[in-house]
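For the record, the sequence lines run as chains A and B.
Heads up: the first sequence begins at 484 in this note's numbering, then just goes up one per residue.
Heads up: the second sequence begins at 86 in this note's numbering, then just goes up one per residue.
We put the CB at the ideal spot given by N, CA and C, even for glycine.
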Amino acid sequence: MTTQIIIEGFNISKNYDSFKALDNINFFVKEGEIVGFLGPNGAGKTTLIKLITCTSFKTSGKLKVFGLDTEKDQKKIKALIGLVPQDNNFDPDFTVYENLLVFSRYFGIKRDEAEKRIQNLLNFVGLQNKRDEKVTDLSGGMKRKLIIARSLINDPELIILDEPTTGLDPQARRKIWEMIEDLKKNGKTIILTTHYMEEAEKLCDRIYIMDAGKIITWGNPKELIIKHIGTETIEIYNCEDVKLNEIKGKKIFFKDRIYIHTDNKKEALEMLTDICENIKFTVRPTNLEDLFIYLTGKELKE
Amino acid sequence: MIILTGWIPVWKRNRDVFKKLFWVNFFLPLLEPIFYLITFGFGLGNFVRDINGMPYKKFIIPAIVAMATLSSSFFYTTYSSFVKMIFQKTFDAIIATPVSIEEVVMGEIMWGATRGIISGFMVLIFLIFLGLVPLKNLFFYLLIISILSFTFSSLGMLFTSIVSTIESFNYPIFLYYTPMIFFSGTFFPITNFPDFIVYISKIIFPLTYSMISLRALEYNLNLKIILEGIYPFFHGIIFFILSIKLMKKKLIK
Ligand SMILES: Nc1ncnc2c1ncn2[C@@H]1O[C@H](COP(=O)(O)OP(=O)(O)O)[C@@H](O)[C@H]1O
Ligand SMILES: [Mg+2]
């Protein structure tokens, strides 16, 4: 059995007037994967999602979603996608239940069927007790869960989540991660954007690291770290009198710290303590944030 | 991309909100025509001579029906649609579903028109009840109400597609809508003005035709009246097409 390619993008560029929001991007998404687009604000993540969901159109390049053309087969493509937009765009005039019912009509779902689905979805996201509350009265985490429920009303093949957990507390964030993992278990294909490296690391099979409209690198999160910088990171706080040249590994000077990324932590540590006795440092596994700083010289979050 | 029925879920969404807020949205504004009637009909009407043989109380009836119809449709597709588009991002949510932007705009205009028809109809029933509109004119009045509702719902959407902030609605409202309310032969006959003014008024304010048509209806229904009554519908079609085009440009970047 071959896994199907669900989305293919070749040399996609998107200009807003003369500003290049996406600059010659290539990517693909396979059936059943969780693919992450990781990048700071303004990297072009939302723009890319708009192109996939046919709510904006590319300036050049080729983009196929479910093998269909995003400019010609908008209705067919949109019927197969569930979108969790970056901003919660509910109808504030409606209750939780009404929001879902009204949304089901946009997909042409019959009332009886919609009622059944709404009940199941409210159970899935844990909002069954909030059915008749006004959406404006929900907490931030509940709002996000409701938006996820709404994105599933058409039983989509592909679910796209634009910064699903931005601004949420850790507990709500974990709940949403669980939901995303459940959806994957049910065979859904998932795209998410984030500027949280833990999120990308934990959930994604593959990530595309983006900055300023470009894809800098892509692959499996762990493999990317191994390939580019090494699995262990030594973070040094007082660096004035440290002679680091002798130490093997990638050295990055960033703000008031020095980061040494290496696959051989033992050797690096021995040399470090030889060089300077009262050096202050911590040792930890390398993460995607380190990789991002290494590749761009910038932090993911401002 | 318009599929003939694609706008209906959008229309239904608006209907559902309307039902929830029936009292504030709808019943309270219906008091306004009563104030017009008291002020101009029963108040001022006692001091004003007949106009071309028509008692002033009767003269202003078409205007009262039109006021209710216009404000209900026009102010829906201006302020309400704008708030939904810019602040609530409702349109963004809908266009990520199989409903297209054209269908969203069409659903909005159709709902604005429906509101206008409901308001106009309620006022009409009230006026028939008071004996100020003969029952036999019910259907022609309804035709005019429907046309005005569609035309001004579309015009409102056209303005919404042009303005960039909610405050800038003041331009079309004070430079177009308000003058139209007063200078379309609503509360006084414009035929007393020089011909070129009448001519300009007829071109830029399609409401002028509706007023002429409904007043002539007091005497008898003929083809000229029907044509004059239908005339604003063509403005409506132009506003409708333009507003869909401009709205698409505004929302799909
Ligand atoms: N409608 C628009 N008009 C002009 N510029 C835009 C528009 N939408 C986004 N941009 C710009 O494109 C860049 C990428 O934006 P976006 O895709 O929202 O990034 P991200 O989602 O990664 O934060 C930003 O610099 C943003 O200001
Ligand atoms: Mg974004």
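Own chain residues within Cβ distance below 6 Å of residue i, not counting five before or after
i         : result
Val248(B) : Phe254
Val208(B) : Pro118, Val150, Ala153
Leu635(A) : Gly565, Leu604
Asp694(A) : Gly522, Ala526, Thr779
Ser157(B) : Arg200, Gly201, Ser204
Lys626(A) : Asn571
Asn99(B)  : Trp196
Asp665(A) : none
Pro183(B) : none
Close Cβ partners of residue i (< 7 Å) along its chain, the five nearest in sequence each way excluded
i         : result
Phe505(A) : Note on identity: in this sequence residue 505(A) is Leu, with Phe being the wrong assignment. Counting only Cβ-Cβ distances below 7 Å, and skipping sequence neighbours, we find Ile495, Ser496, Lys497, Gly527, Thr530, Leu531, Gly696.
Ala683(A) : Gly519, Leu521, Thr677, Ile690, Pro704, Leu771
Met265(B) : Phe290, Leu292
Pro639(A) : Leu563, Ile564, Gly565
Asp773(A) : Ile712, Thr716, Tyr742, His744
Arg656(A) : Thr648
Glu554(A) : Phe540
Thr536(A) : Lys561, Ile564, Leu566, Ile643
Residue i: CB within 7 Å of a non-hydrogen atom of ligand 1
i         : result
Thr529(A) : yes
Gly525(A) : yes
Lys613(A) : no
Ala504(A) : yes
Gly522(A) : yes
Tyr679(A) : no
Lys334(B) : no
Tyr691(A) : no
Lys338(B) : yes
Tyr499(A) : yes
Any non-hydrogen atom of ligand 2 closer than 7 Å to residue i Cβ
i         : result
Asp595(A) : no
Asp645(A) : yes
Gln557(A) : no
Gln602(A) : no
Gln569(A) : yes
Contacts of residue i in chain B (Cβ-Cβ under 7 Å)
i         : result
Tyr589(A) : Pro94, Ile179, Thr182, Pro183, Val184
Lys626(A) : The premise fails here: Lys626(A) is roughly 13 Å from chain B at the closest Cβ pair, so nothing lies under 7 Å.
Lys561(A) : Ala181, Thr182, Pro183
Tyr499(A) : Lys338
Contact set for residue i: own chain, Cβ-Cβ below 8 Å, skip 5 residues either direction
i         : result
Lys545(A) : Glu491, Gly492, Phe493, Asn494, Ile495
Asp615(A) : Thr578, Val579, Tyr580
Phe273(B) : Ile136
Gln474(A) : For chain A, the structure presents residues 484 to 785; residue 474(A) sits outside this window and is missing.
Thr769(A) : Ile708, Ile712, Gly713, Thr714, Glu715, Thr716, His744
Met139(B) : Arg300, Glu303
Val168(B) : Ile251
Residue i: contacting residues in chain B (beta-carbon distance under 9 Å)
i         : result
Glu646(A) : Simply none; closest approach about 15 Å.
Phe570(A) : First, the residue type needs correcting, since residue 570(A) is Asp and not Phe in the sequence shown. In chain order: Lys174, Asp177.
Leu566(A) : Ala178, Ala181, Thr182
Amino acids of chain A, ordered along the chain, whose beta-carbon sits closer than 8 Å to that of residue i
i         : result
Leu98(B)  : Note that residue 98(B) is Arg in the sequence shown here, rather than Leu. Within chain A, the residues near Arg98(B) are Asp574, Val585, Arg588.
Asp101(B) : Phe577, Glu581, Val585
Ile337(B) : Thr538, Ser539, Phe540
Cross-chain neighbours of residue i in chain B, by beta carbon under 8 Å
i         : result
Phe502(A) : Here the premise fails: no neighbours, minimum Cβ distance about 11 Å.
Chain A contact residues for residue i, given Cβ-Cβ distances below 9 Å
i         : result
Lys105(B) : Asp576, Phe577, Glu581
Closer than 8 Å to chain E by CB, residue i
i         : result
Pro183(B) : Absent from the structure: chain E. Protein chains present are A and B.
The region 637-649 of chain A contacting the region 558-566 of chain A, beta-carbon criterion three pairs below 8 Å: yes
Looking at C-beta atoms only, is the number of pairs between the region 263-270 of chain B and the region 126-136 of chain B that lie closer than 8 Å three or more? no
Within 8 Å, do at least three Cβ pairs link the region 161-176 of chain B to the region 194-205 of chain B? yes
Quick check: the region 181-195 of chain B against the region 325-334 of chain B, are at least 3 beta-carbon pairs closer than 8 Å? yes
Meets three-Cβ-pair contact criterion under 8 Å: the region 169-186 of chain B and the region 211-221 of chain B: no
Between the region 317-325 of chain B and the region 226-242 of chain B, do three or more beta carbon pairs fall short of 8 Å? yes
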